[in-house]
Amino acid sequence: MTANTTTPTGKPESQSSIIGLMIALLVAVFAFQLNASMLSPALVTMQRELNTTASEVGLTQTVFFTAAALFSLFLPRLADSAGRKKVLIGMLVATIAGCAVSALAVNIPMLMVGRILQGVSGPMVPLCLIMLHVRVPEDKRYARLMAIITSVNGGIAGVDALLGGWLAAHYGFRSIFWTMAGIALVAAILTAVYTHESWADTKAKMDWIGAVLLVIAIGALLLAVDEIEKLAAANWVYVIIMLVVAVIAFIVFWNVEQRKKEPMVTTHYLKQRRTWGLLLTTLLTMTGVFAIMNGIVPAIAQDAKFGAGLSADLASLATLTPYALAGLVFGPVAGWLTSRYGYHKVLRYGLVATAIGVIAIMLTAASVSVWALVCVSVFVGITYAGTVNIMLNGLGIVLSPADNTGYLPGLNAGAFNLGAGLSFAILYAVMTQVGGGSGSMSYVFSVGTGLILVVLAFACSFLIPSVEKTAQESGQLTH
Numbered sequence: 009m010t011a012n013t014t015t016p017t018g019k020p021e022s023q024s025s026i027i028g029l030m031i032a033l034l035v036a037v038f039a040f041q042l043n044a045s046m047l048s049p050a051l052v053t054m055q056r057e058l059n060t061t062a063s064e065v066g067l068t069q070t071v072f073f074t075a076a077a078l079f080s081l082f083l084p085r086l087a088d089s090a091g092r093k094k095v096l097i098g099m100l101v102a103t104i105a106g107c108a109v110s111a112l113a114v115n116i117p118m119l120m121v122g123r124i125l126q127g128v129s130g131p132m133v134p135l136c137l138i139m140l141h142v143r144v145p146e147d148k149r150y151a152r153l154m155a156i157i158t159s160v161n162g163g164i165a166g167v168d169a170l171l172g173g174w175l176a177a178h179y180g181f182r183s184i185f186w187t188m189a190g191i192a193l194v195a196a197i198l199t200a201v202y203t204h205e206s207w208a209d210t211k212a213k214m215d216w217i218g219a220v221l222l223v224i225a226i227g228a229l230l231l232a233v234d235e236i237e238k239l240a241a242a243n244w245v246y247v248i249i250m251l252v253v254a255v256i257a258f259i260v261f262w263n264v265e266q267r268k269k270e271p272m273v274t275t276h277y278l279k280q281r282r283t284w285g286l287l288l289t290t291l292l293t294m295t296g297v298f299a300i301m302n303g304i305v306p307a308i309a310q311d312a313k314f315g316a317g318l319s320a321d322l323a324s325l326a327t328l329t330p331y332a333l334a335g336l337v338f339g340p341v342a343g344w345l346t347s348r349y350g351y352h353k354v355l356r357y358g359l360v361a362t363a364i365g366v367i368a369i370m371l372t373a374a375s376v377s378v379w380a381l382v383c384v385s386v387f388v389g390i391t392y393a394g395t396v397n398i399m400l401n402g403l404g405i406v407l408s409p410a411d412n413t414g415y416l417p418g419l420n421a422g423a424f425n426l427g428a429g430l431s432f433a434i435l436y437a438v439m440t441q442v443g444g445g446s447g448s449m450s451y452v453f454s455v456g457t458g459l460i461l462v463v464l465a466f467a468c469s470f471l472i473p474s475v476e477k478t479a480q481e482s483g484q485l486t487h
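Per the working numbering, residue 9 is the first one in the sequence shown, and the count goes up by one each step.
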């Protein structure tokens with residue numbers, strides 16, 4: 009049985025209102041994506057214009073992604089009670105303010121403040137998907153539209169990074185931040201005009217104690233992973249301290265949530281497979297794939313001795329651009345497939361295909377050619393960026409209970425970010441141990457480790473329950 013899409017007044021949604029909603033949400037997601045990717049080619053320019061070091065400029069990127077991960081943990085839950093439209097506009101306003109501070113920055117500390125404010129945009133994708141689901145409750149239609157929005161999150165086929173490089177070269181790095189601010193302003197206006205206010209079925213009071221404890225736990229874990237990525241140069245005492253802090257904070261969080269009348273996350277939900285099954289699958293998938301496509305494959309393309317020997321710009325055009333373009337183009341196709349076959353089946357086929365793509369990368373690493381790199385980048389762009397990534401984001405929305413729609417997308421966003429960090433830490437550690445980090449075999453073994461993780465993710469995907477079963481568990485299934 010299909011449900012009619014209705015307005016808050018109970019009248020059927022018009023096609024034009026859904027188009028307006030989609031445009032608003034797409035621009036909002038685009039605004040976040042620019043904050044995440046547009047600066048990458050401008051880091052050297054920032055280093056020169058701010059008269060600082062590469063490591064300090066790189067730290068501002070780490071600050072942004074860490075802030076984005078932490079804000080993702082609680083802002084979707086806050087939106088459940090405060091109003092999703094209100095919170096989304098607030099996020100965009102904070103992003104605009106952060107862009108302005110970053111554009112006016114005269115030193116690294118000021119730039120870091122700006123990047124932290126920009127990090128408020130972190131949960132843009134899950135919040136937009138929740139708002140879309142409220143307006144489009146019919147499963148098949150939602151799956152198609154959700155895939156369009158999520159595919160933009162993979163980057164606009166690399167054009168965002170290319171535009172960032174062009175702006176930095178011609179007008180300096182500050183022009184990039186003003187461009188980001190302009191897009192975020194447009195998104196805020198469109199959100200105000202074309203979206204409706206909505207709340208969770210149960211408007212609970214925000215549990216700030218639980219939110220702070222969860223942020224401390226995940227934040228300490230992210231800091232530990234960031235330090236582990238330094239490998240031989242890592243401060244292992246610091247890593248152990250951060251891990252201990254994370255464990256203690258989570259234990260306290262669990263006990264607080266059990267006693268709270270209106271907890272941020274009901275521990276009953278945390279015990280269910282909808283939560284830990286999805287989070288484990290997301291974590292393993294990201295850990296297995298992220299560093300391969302965003303680090304190892306471009307490194308193979310640039311390796312003059314054991315790879316293709318391309319320049320940095322050409323390496324990006326041969327690997328990252330086709331990867332992002334394939335994901336962007338195939339995303340709507342994945343949404344259509346989901347509307348016919350369901351999230352779980354498309355996710356599993358996507359993981360199997362991704363594993364095949366990773367095997368192809370291993371073979372390519374052993375015998376490199378530019379066209380082989382392009383082909384495997386396109387293939388994994390389709391299977392991972394255009395399929396698996398979209399399914400994992402979508403499941404975070406459709407598996408959420410109606411009385412707490414924000415907790416699972418928030419935790420899932422944290423799993424994505426944690427997996428990205430672990431991916432570089434684990435796969436690069438393997439690469440370093442094999443042949444000292446150089447040579448074809450170091451690439452093959454590191455990618456092979458990623459393959460094992462993708463296979464484990466496939467196995468864990470069978471732990472994710474069906475949407476119907478989770479609805480029954482929550483007492484939400486209607487007849």
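Where a beta carbon is used, it is the ideal one built from N, C-alpha and C, also for glycine.
- The region 34 to 44 and the region 193 to 203 touch, with three or more beta-carbon pairs separated by less than 8 Å.
- For Y357, the enclosing alpha helix (DSSP H) covers residues 351 to 374.
- The alpha-carbon separation between E64 and H276 amounts to approximately 43 Å.
- A Cβ-Cβ distance of about 5 Å is found for the pair G172 and A50, placing them in contact under the 8 Å criterion.
- For L471, same chain residues with a beta-carbon under 6 Å away, outside a window of 5 residues either side, are R281, G285 in chain order.
- V121 carries a helical assignment under DSSP once its states are collapsed to helix, strand and coil.
- Distances from the CA of Y357 to each of G458, I390, M139, L333 were compared; the closest alpha carbon is that of I390.
- For T391, the three-state secondary structure derived from DSSP is helix.
- Within 10 angstroms of the beta-carbon of E237 lie 16 or more other beta-carbons, which makes it buried.
- T457 counts as buried, since no fewer than 16 other beta carbons sit within 10 angstroms of its beta carbon.
- In this chain, the alpha helix (DSSP H) harbouring M154 covers 147 to 160.
- With the rule of 3 Cβ pairs closer than 8 Å, the region 87 to 105 counts as touching the region 117 to 131.
- About 13 Å separates the beta carbons of L278 and A423, which is beyond the 8 Å limit, so they are not a contact pair.
- A Cβ-Cβ distance of about 6 Å is found for the pair Y451 and I308, placing them in contact under the 8 Å criterion.
- About 18 Å separates the Cβ atoms of G335 and A421, ruling out a contact at the 8 Å cut-off.
- Between T362 and V223, the CB-CB gap reaches or exceeds 8 Å.
- A Cβ-Cβ contact shorter than 8 Å links E265 with G218.
- In the displayed model, N115 falls within coil according to three-state DSSP, outside both helix and strand.
- G427 is positioned such that its CB atom lies no closer than 8 Å to that of D234.
- Of the candidates Y202, K268, A189, T346, the residue whose Cα lies closest to the Cα of A102 is A189.
- Here the alpha carbon of A326 sits roughly 7 Å from the alpha carbon of L381.
- Note that the C-beta distance between D147 and S45 is not below 8 Å.
- With contacts defined as CB atoms closer than 8 Å, L419 and T283 qualify as a contacting pair.
- The alpha-carbon of I460 is positioned some 25 Å away from that of L251.
- Taking every protein chain shown into account, the CB of I259 has fewer than 16 other CB atoms within 10 angstroms, so this residue is exposed.
- T293 is a Cβ neighbour of A465, given a cutoff of 8 Å.
- By the 16-neighbour rule on beta-carbons within 10 angstroms, P417 is buried.
- With fewer than 16 neighbouring CB atoms inside 10 Å of its own CB, V255 falls in the exposed class.
- Out of K94, N43, W262, the CA that lies nearest to the CA of I191 is found in N43.
- CA-to-CA, the gap between V388 and A151 works out to about 21 Å.
- Under the Cβ criterion (8 Å, minimum of three pairs), the region 394 to 401 counts as touching the region 327 to 347.
- Residue burial annotation: S24 is exposed, with fewer than 16 other C-beta atoms found within 10 angstroms of its C-beta.
- Membership of D209 in any alpha helix (DSSP H) is not indicated, and neither H nor E is assigned to it by DSSP.
- Sorting I300, V297, S324, L359 by C-alpha distance to the C-alpha of Q310 places S324 at the top.
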